[in-house]
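Working notes for the structure below.
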Ligand code: SAH
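Residue numbers (our numbering): -17 to 202.
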């Protein structure tokens, strides 16, 4: 897939997207570089490939969406990842955010509850030659077998912060999660310092719902 990274049309569009993200306030050069490296058009439905570098969310299957590039950039920036860190993602969806995390040099674990999306993302990531550990199931319970994680990112809107995710953070670990109602969610970051947890709250976003035991209950 490294070859398809060189497709000119998409590369030019990706450059423009980087300018948009900088203008919207993304400052981390590491994050911008990761976004520059990942061919988002491979993760969207072929019908939307032409819109892959617009700064907008796009539909994937099962009434879900691939997050807006700004959202991916902002969450990744808040995660503050160093190469080699272990990162857990809840909500694999298209696999795009996972690919961006891998491009940051992270060791990525990702959970998706819809089997169809799980299978598809798995195939795309494999074809791209990207190494990732994936699981199909309820991510609100985290993935205890590989805990603790240096960073945990939730890419669906949660009603509350699931305890399991907080408990699977490494010392110094960060959990970035949108929390709110069905309409808007504020981005929260919980940072673990020993037995202490610091909570920061950032801007509002709109995500598809996090559905599961410690999420919304009325899932399709
Ligand atoms: N990170 C994705 C965003 C996908 S949208 C991307 O880059 O494309 C959020 C995803 O979270 C959806 O695919 C949805 O099915 C999934 N999801 C919702 N609740 C979940 C849960 N409890 N565990 C795992 N995945 C969940």
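The C-beta atom is built at its ideal place from N, Cα and C for all residues, glycine as well.
Nearer than 7 Å: is that true of the beta carbon of residue 121 relative to any heavy atom of the ligand SAH? Along the chain shown, read from residue 1 onward, the residue named residue 121 stands at position 139. Yes - the ligand SAH has a heavy atom lying nearer than 7 Å to the Cβ of residue 121.
Count the C-beta pairs between the region 151 to 164 and the region 56 to 63 that are closer than 8 Å, then say yes if the count reaches three, no if not. Three or more Cβ pairs closer than 8 Å define a contact, and the region 151 to 164 meets that threshold against the region 56 to 63.
Using only the heavy atoms of the ligand SAH, determine whether one of them is closer than 7 Å to the beta carbon of residue 20. Taking the first residue of the chain shown as position 1, residue 20 is located at position 38. No, since every heavy atom of the ligand SAH falls outside the 7 Å radius drawn around the Cβ of residue 20.
Please go through the same chain and pick out, in chain order, the residues whose beta-carbon is closer than 7 Å to the beta-carbon of residue 195, but skip the five residues on each side of it. Numbered from its first residue, the chain shown carries residue 195 at position 213. The answer, listed in chain order, is 120, 122 and 123.
By Cβ distance below 8 Å, which residues in the same chain neighbour residue 175 in space, the five residues on each side in sequence not counted? Along the chain shown, read from residue 1 onward, the residue named residue 175 stands at position 193. These residues qualify, in order along the chain: 153 and 154.
So, using beta-carbon positions, are residue 199 and residue 186 closer together than 8 Å? As a working mapping, residue 199 is identified with position 217 in the chain shown. As a working mapping, residue 186 is identified with position 204 in the chain shown. Not closer than 8 Å, so no.
What separation, rounded to the nearest whole angstrom, lies between the Cα atoms of residue 25 and residue 77? Counting from 1 along the chain shown, the entry for residue 25 is found at position 43. Counting from 1 along the chain shown, the entry for residue 77 is found at position 95. Whole-angstrom Cα-Cα distance: 7 Å.
Heavy atom of the ligand SAH within 7 Å of residue 14 beta-carbon: As a first step, residue 14 is located in the chain shown; it is residue number 32 there, counting from the start. Answer for residue 14: no, Cβ out of range of the ligand SAH.
What does the Cβ neighbour count give for residue 165, buried or exposed, with the cut at 16 atoms within 10 Å? Translated into the one-based positions of the chain shown, residue 165 becomes position 183. Residue 165 should be labelled exposed.
Look up residue 160 in the DSSP assignment and give the residues it is bridged to. Walking along the chain shown from the start, residue 160 turns up at place 178. Partner(s): 169.
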